[in-house]
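One line per chain: the protein sequences are R and W, in this order. Position one of the first sequence corresponds to residue 102 (the numbering used here), numbered consecutively onward. Position one of the second sequence corresponds to residue 1346 (the numbering used here), numbered consecutively onward. Glycine included, each C-beta is placed from N, C-alpha and C at the ideal position. On a predicted model such as this, the values are computed, not experimentally measured, just so you know. First the structure, in the form of structure tokens, and then the observations on it.
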Amino acid sequence: MDYAIEISGQEALVRLKGRLIFTEHSTMRTLIKELSQTAVKRQVLVLEELEFIDSAGIGMLLIAKEELSKGGKDFVLRKAGGQVQRVLKVAQLGRLITLEE
Amino acid sequence: MAEGHSPEVTAAPALQGLAVPADRVGQLAAARGLPVWPEPVSVAAAGPPPRVLLLLGPAAPALSPLLWQPPHAAWIDVAELGDEAVIGLIVSAESCSLFCSVSSAKAHQLPLAYGLANAVAARRPISSTTRNDIELALHEAITNALIHGNLEIAGLSDLSVAALERFARGVADRVADPHYAARRIEISCRIADNVATFEIGDQGPGFVPVRGRDDAASGRGLALIAALTLSYQLLDGGRRICMKLALS
Chain R
102 MDYAIEISGQ EALVRLKGRL IFTEHSTMRT LIKELSQTAV KRQVLVLEEL EFIDSAGIGM
162 LLIAKEELSK GGKDFVLRKA GGQVQRVLKV AQLGRLITLE E
Chain W
1346 MAEGHSPEVT AAPALQGLAV PADRVGQLAA ARGLPVWPEP VSVAAAGPPP RVLLLLGPAA
1406 PALSPLLWQP PHAAWIDVAE LGDEAVIGLI VSAESCSLFC SVSSAKAHQL PLAYGLANAV
1466 AARRPISSTT RNDIELALHE AITNALIHGN LEIAGLSDLS VAALERFARG VADRVADPHY
1526 AARRIEISCR IADNVATFEI GDQGPGFVPV RGRDDAASGR GLALIAALTL SYQLLDGGRR
1586 ICMKLALS
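Structure representation (structure tokens):
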């Protein structure tokens, strides 16, 4: 999985690309560390180019939310589509993390 | 054994090796009375056989997408197995629509769920949603078999980067340990009457599923499988899962 961070106004926009599965733990740890160091409060993961997510990927998103919350940051998922949107819905992740269109 | 085999199962297969010595492939084929499939470049000239069972050597490179397509119907990692064990796997493969047997080390490297979902899609006219559901259900089952079954690694203990680091170290240590890395994962698929029945088995100690918290870091795999399949069953003390998926 690849990602790119862009600060836009009061938000850090993170565009994820590829597959978020259990083997991506190293990438996610690095991403969480980078986001915790941004100067803005709102962290938005843009998922429209994320092709696939598994249950481990959902766990890693919850870890990201938890860790960033400790630092006083807000964590939002945006524009999930296709298989990713289906999995987030089945896992009822909207009850735990804010999902935006 | 499922009833109503799809036509391709009843056709005689051929054996092919990838990074397996040619004489060994020949001996194994002779032991089962199977022909050896030639190099892919000659497929067009000879005409494709009904089914090719592919033997993967320890040094086999990443599989090209073509090797997940017909006529390939089985993928058997020979690893350190002796001939008797490999022949047993060939016999198993002969009665399945699709079959895969790999070591844990190989399972950690290969995109098994992606390849097998494409193999099903190449044989049946299914929608992309169905194809993706098959891939995810297989991926969850195979990951469970690998991580929790064969490598005996528990799920993430809490919602922290520290827990993620411990998990990552645990996986790396166990994949590098020959005792765990050699444990096998076996996947069989029988396609009949617009239903694909997958069985995924591991060589771990087995488990009894426990319902976790909704906000837990792990433990959602079986719930996802339940949502994606017509039904699933845990067998053999949790070492095997049987899943049925609609092909539509």
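- Contact annotation: in the stretch 1547 to 1563 of chain W, residues whose CB is within less than 9 angstroms of a CB in chain R are Asp1559, Asp1560, Ala1561, Ala1562 and Ser1563.
- Under the 8 angstroms Cβ criterion, the stretch 1465 to 1481 of chain W does not count as touching the stretch 1507 to 1517 of chain W, having fewer than three qualifying pairs.
- DSSP places Met102(R) outside both helix and strand once states are collapsed to three, so it counts as coil.
- Secondary structure remark: continuous beta strand (DSSP E) runs of at least 3 residues inside the stretch 1397 to 1433 of chain W, in chain order: 1417 to 1422.
- Lys118(R) and Tyr104(R) have their C-alpha atoms some 6 angstroms from each other.
- Using a CB distance cut-off of 9 angstroms, Ser1472(W) does not count as an interface residue toward chain R.
- Interface criterion not met: the Cβ of Phe1543(W) is under 9 angstroms from no Cβ in chain R.
- Look at Ile108(R) here: in three-state DSSP terms it is strand.
- At least one CB of chain R lies nearer than 9 angstroms to the CB of Ala1513(W).
- The three-state reading of DSSP puts Ile1435(W) in helix, counting H, G and I together.
- By the Cβ rule, the stretch 1427 to 1439 of chain W does not count as touching the stretch 1459 to 1476 of chain W, because fewer than three pairs are nearer than 8 angstroms.
- For Thr1574(W), no chain R residue has a Cβ inside 7 angstroms of its Cβ, as the nearest lies near 12 angstroms away.
- Between the alpha carbons of His1493(W) and Asp1428(W) lies a distance of about 29 angstroms.
- Neighbours of Ile1492(W) in chain R, taken as residues whose beta carbon is under 9 angstroms from its own, are Phe123 and Ala157 in chain order.
- For the stretch 177 to 189 of chain R, the set of residues with a beta-carbon nearer than 8 angstroms to any beta-carbon of chain W comprises Gly183, Gln184, Arg187 and Val188, in chain order.
- In the three-state scheme derived from DSSP, where H, G and I count as helix and E and B as strand, Lys171(R) is classed as helix.
- Against chain R, the CB of Asn1477(W) has a partner CB under 9 angstroms away; the residue lies at that interface.
- Classified as buried, Gln1361(W) has 16 or more neighbouring CB atoms from the shown chains inside 10 Å of its CB.
- Against chain R, a Cβ distance below 7 angstroms from Glu1510(W) picks out Arg130.
- Residue contact check for Ala192(R) against chain W: a CB pair falls below 9 angstroms.
- Checking the DSSP bridge columns, you'll see Leu117(R) partnered with Tyr104(R).
- Chain order gives the chain R residues near Ser1505(W) as Ile164, Glu167 and Glu168, where near means a beta carbon separation below 8 angstroms.
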